[in-house]
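Residue numbers (this note's numbering): -6 to 214.
So this is what it looks like as structure tokens:
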């Protein structure tokens, strides 16, 4: 026997309601999932934006530092043009405070005024030289004592001071690049010239000490 029509109608309504409820839950789930995905994408976009902002800030800071450095170099160049005049036809006195005789004097030169710096460049320019190695040797002979050469190396160590990056080396390199007898030196050529000059200065110091010891021994005999 079939159920009454009102029972069938009620069952169809319940089934329809269940279908609607199920569809609503699916739609709600889809909306939530969509919102979650959208939120994740927004977070990713914001993260990338923050990274871009940080990079842009760093670039901006780098540009400011470059502009300041360029301005400082232009000021230095203008002063060099005033102080570093051609000196080939007249002698040039050794700058005050030279030759340097201890590592402390090298450190003191870090705080030299622009005028003092330019005076050293002018003197090195006057010393001249026919190649980078000869220039470096002349700089060390006149501006460093032989004793000081024992206390320095290019890169430094536990027992020696590093010349690399020091202001006195900047002055040497500046003067060397003013020399018109050879092409402008690159960093590798300059480094090699300084290393050889330091080695030569050490050898001169050792020979000088040996000669002094021999003279003293002869005098005692």
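All C-beta atoms, glycine included, are put in the ideal place defined by N, C-alpha and C.
Tell me residue i's beta-bridge partners as DSSP assigns them.
i	result
residue 93	137
residue 113	Paired residues: none, contrary to the question.
residue 155	146
Would a C-beta distance cut-off of 9 Å place residue i and residue j closer than the cut-off?
i	j	result
residue 99	residue 159	yes
residue 204	residue 169	no
residue 133	residue 190	yes
residue 135	residue 156	no
residue 117	residue 67	no
residue 142	residue 197	yes
residue 125	residue 46	no
residue 107	residue 162	no
residue 195	residue 122	no
residue 147	residue 184	yes
Give me the residue from the options with the minimum Cα distance to residue i.
i	options	result
residue 95	55, 121, 139	139
residue 113	37, 124, 88	88
residue 164	91, 42, 111, 85	111
residue 187	51, 209, 137	137
So, is the C-beta of residue i closer than 9 Å to a C-beta in chain D?
i	result
residue 157	You won't find chain D in this structure, because it holds only one protein chain.
Report the rounded CA-to-CA distance for residue i versus residue j, giving the unit in angstroms.
i	j	result
residue 28	residue 65	55 Å
residue 105	residue 145	20 Å
residue 202	residue 180	33 Å
residue 39	residue 23	24 Å
residue 193	residue 153	16 Å
residue 62	residue 131	30 Å
residue 37	residue 30	10 Å
residue 58	residue 33	37 Å
residue 209	residue 176	46 Å
residue 50	residue 25	37 Å
residue 215	residue 55	There is no way to answer for residue 215, as the model of the chain reaches only from -6 to 214.
residue 41	residue 53	18 Å
residue 207	residue 93	27 Å
residue 35	residue 48	20 Å
residue 43	residue 97	46 Å
residue 81	residue 90	The predicted position of residue 81 is uncertain, since its pLDDT is 44 and thus under 50; a value taken from the coordinates is nonetheless stated next. Their backbone Cα atoms lie some 23 Å apart in a straight line.
residue 200	residue 86	27 Å
residue 83	residue 60	In this prediction, residue 83 scores a pLDDT of 48, lower than 50, which makes its location untrustworthy; no coordinate-derived value is stated.
residue 172	residue 178	10 Å
Entirely within the segment 174 to 207 and at least 4 residues each: give me those alpha helix (DSSP H) ranges in chain order.
The alpha helix (DSSP H) runs lying completely inside the segment 174 to 207 and spanning 4 residues or more number zero.
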